[in-house]
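Residue numbers (our numbering): 2 to 206.
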């Protein structure tokens, strides 16, 4: 039997549930820190202080600040797959709640920083592209299901695929605009979403 290393003797193994809880604690702390200072200005030391852990504990779960960003992006992508809607009205409301309601400067900054980092970081770029496709695919599938059930009709020569891309494009536009705004613009965002959606698809009568 091989001798155990000093690190193994000092660091008892934790069960997977505890490891996952600690990993999520780091992610939550990182998001709070990014909201305070932005991704670029936040250091690993800042994240550790926010999470009340040592650097060694952080590096047990994430090898870098960029790895934390990747996991945040991945988790956000999982939310898209849970989208469900039985009508166009439900879908519109869900999109508003998920992406636009209470949108803040901090929310927008984190999203836009991820895009900026993705311009030079291939892993983050790939994760962002995957999330965009996941979001658009889910909206497309729901629109196709509503269309097949006779609950919606597309305007002109648009279809579910084009409609999903344009709806997501509107959402991304609102995200980028909020960087320059400090006021709550829920009413404006909702009206813009409604105009976008109803310009592309309508509830069947």
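Where is the CB? At the ideal position from N, CA and C, for every residue including glycine.
This one's a predicted model, so the numbers in the text were calculated from it and none came from an experiment.
Beta-carbon contacts of residue i that lie in its chain and below 8 Å, excluding the five residues immediately before and after
i	result
residue 80	99
residue 125	67, 70, 71, 74, 115, 118 and 119
residue 205	151, 152, 153 and 154
Neighbourhood of residue i by C-beta distance below 7 Å, restricted to the same chain and skipping five residues each side
i	result
residue 196	none
residue 64	none
residue 141	161, 162 and 165
Paired residues, beta bridge with residue i - DSSP
i	result
residue 204	153
C-alpha distance - residue i paired with residue j, whole-angstrom precision
i	j	result
residue 16	residue 50	24 Å
residue 176	residue 18	34 Å
residue 58	residue 27	9 Å
residue 46	residue 183	29 Å
residue 213	residue 60	Shown here, the chain extends from 2 to 206; a query on residue 213 therefore has no answer.
residue 5	residue 20	Confidence in residue 5 is poor, its pLDDT being 45 and thus under 50, which makes the residue's placement too unreliable to answer from.
residue 171	residue 194	7 Å
residue 160	residue 198	12 Å
residue 53	residue 23	11 Å
Chain-order list of residues whose beta-carbon lies under 6 Å from that of residue i (same chain, five-residue window excluded)
i	result
residue 136	81 and 169
ask   = Whole beta strand (DSSP E) runs in the region 105–170 with 3 or more residues, listed along the chain?
value = DSSP runs (the beta strand (DSSP E)) wholly in the region 105–170: 153–155.
Report task. Evaluate contact between the region 101–110 and the region 148–168, counting only Cβ atoms and requiring at least three cross-stretch pairs below 8 Å. Result -> They do not touch, by the three-pair rule.
Original post:
Which residue spans inside the region 58–95 form an unbroken alpha helix (DSSP H) run of at least 4?
Top reply: Unbroken alpha helix (DSSP H) runs of no fewer than 4 residues, entirely contained in the region 58–95, are found at 66–81, following chain order.
Taking 8 Å as the cut-off, does the region 86–94 touch the region 26–39 (at least 3 CB pairs, one atom from each stretch)? Contact fails: fewer than three Cβ-Cβ distances are below 8 Å.
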